[in-house]
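A.B. asks: In my numbering, the protein residues as written are 569 to 697.
Below is the structure I would like to discuss, written out as structure tokens.
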């Protein structure tokens, strides 16, 4: 190619089809859902509806269980000792520290369980439905 010649722009098939459809008012655009229906129908033919229902229920229960474990962790955190705010009664500082340590450990365990359930690394309701 010499310096005075210009390259002709490439015409892609997709671009031409879109341009042609846009210039032609008699062409109606296809909805994506109409293209997906046959594909989804073929997939659903291979799916066991009972198994799918069980799996959906398991996922919903595990997500609900994760939320429950998060709430439990928050309750344990809330129950921990707050110096200067909580009434301690006759409890010694050592007893308060021990109780605080146990509550912190329980809250951490609840958060760990919630994360495992949330990320589907462990499932509480596997095989029960």
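Glycine included, C-beta positions come from ideal geometry on N, C-alpha and C.
In three-state DSSP terms, what is residue 689?
C.D. replies: Coil.
A.B. asks: Do you know how far the Cα of residue 674 is from the Cα of residue 665?
C.D. replies: 14 angstroms
A.B. asks: Rounded to whole angstroms, how far is the Cβ of residue 685 from the Cβ of residue 630, which I believe are closer than 8 angstroms?
C.D. replies: 5 angstroms
A.B. asks: Figure out for me which residue from 635, 603 and 660 has the closest Cα to the Cα of residue 682.
C.D. replies: 635
A.B. asks: Compute the beta-carbon to beta-carbon distance between residue 641 and residue 669, rounded to the nearest angstrom, for a pair I have assumed lies under 8 angstroms.
C.D. replies: That pair is no contact at about 15 angstroms.
A.B. asks: In this structure, how does DSSP classify residue 630 when only helix, strand and coil are distinguished?
C.D. replies: helix
A.B. asks: Report yes if the C-beta distance between residue 526 and residue 622 is below 8 angstroms; otherwise report no.
C.D. replies: No information on residue 526 is available, as it lies outside the stretch 569 to 697 that the chain covers here.
A.B. asks: Return the CA-CA distance between residue 633 and residue 647, expressed in angstroms with no decimal places.
C.D. replies: 21 angstroms
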